[in-house]
Amino acid sequence: MTQATQSTSRREQILQALALMLEEDSGKRITIAALARQVGVSEAALYRHFPSKARMFEGLIEFIEETLFERIKRILEEVPEAVPRCGQILTLLLAFAEKNPGLSRLLEGDVLTGETARLRLRIHQLFERLETQLKQLLREAELRERQRTVLTVSATANLLMAHAEGCISRYVRSDFQRRPTEHWDDQWSLLSAQLMRQPATQTA
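Letter by letter, the sequence shown follows residues 155 to 358 in the numbering used here.
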């Protein structure tokens, strides 16, 4: 194993340990000393890989971004229609949070209280990017599929994201007992049926 590979492996080990601590120590502030004990190295060794705890959090946020948007790209390639695309993107977000409880605390933002504002902005931008993607899909529905949203496109995308964010917040608030995907299939069936205007019937 080369030195670069060893360095990458250690960085990943540190980030995995941090994510695990976010899950297991829900509600507690993560310290560098505690993280070093979790990884089994000195605090100085941690700082050789990450100059600050903020950079460790950024590493986790980068992982979230890369994972979500790579899978969204796949959804866009495989699913042709706008509303099913929106549903699969929201399902992806909720399932990702559910499978990664520690990372859901980053998405919810509670763990970033007291941390640098740059991290909170990064999470805000992540959700803004997701909402923008939904807006784009809903606009495409009007252009390509002759479907129009009942509310404005912006209000519709905001409603969908607000629901998803609320599910993630409840998951964190319940100490990971109330799953984000709980009742989601039924909820999406109701939401998706109400998103678009019914096409006007043509008269003879």
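No residue lacks a Cβ here, since even glycine has one placed at the ideal position from N, Cα and C.
Under DSSP, no beta-bridge partner is assigned to Thr-221. The straight-line gap separating the alpha-carbon atoms of Val-233 and Tyr-201 is approximately 44 Å. A distance below 7 Å separates the beta carbons of Leu-214 and Leu-169. DSSP places Thr-303 within a strand segment (E or B) once states are collapsed to three.
Counting along the chain, no alpha helix (DSSP H) covers Phe-330, and no H or E run does either.
If you draw a 10 Å sphere on the C-beta of Lys-227, you find fewer than 16 other C-beta atoms in it, and that means exposed.
One alpha carbon belongs to Thr-335, the other to Leu-261, and they sit about 15 Å apart. Under the DSSP definition of a beta bridge, Met-350 partners with Thr-303. Straight-line measurement puts the Cα of Leu-275 at about 26 Å from the Cα of Thr-306.
Buried is the label assigned to Thr-303, since at least 16 other Cβ atoms lie within 10 Å of its Cβ. DSSP, read as helix, strand or coil, puts Thr-310 in helix.
From the listed residues Arg-183, Glu-177, Gln-331, the smallest Cα separation to Leu-266 is found for Arg-183. In terms of Cβ geometry, Arg-332 and Arg-324 form a close pair [threshold 7 Å].
Per DSSP, the continuous alpha helix (DSSP H) segment holding Leu-189 begins and ends at 186 to 193. Rounded to whole angstroms, Ala-187 and Gln-341 show a C-alpha spacing of 43 Å. Under the criterion of beta carbons closer than 8 Å, Gly-256 and Glu-177 qualify as touching, at roughly 4 Å. The distance from the Cβ of Leu-189 to that of Ala-171 is about 6 Å, consistent with a contact at the 8 Å cut-off.
Under a 10 Å Cβ-count criterion, Ala-199 is classified as exposed, with fewer than 16 other Cβ atoms of the shown protein chains found around its own Cβ. Residue environment: Ala-173 is assigned as buried (16 or more neighbouring CB atoms within 10 Å of its CB, all protein chains considered).
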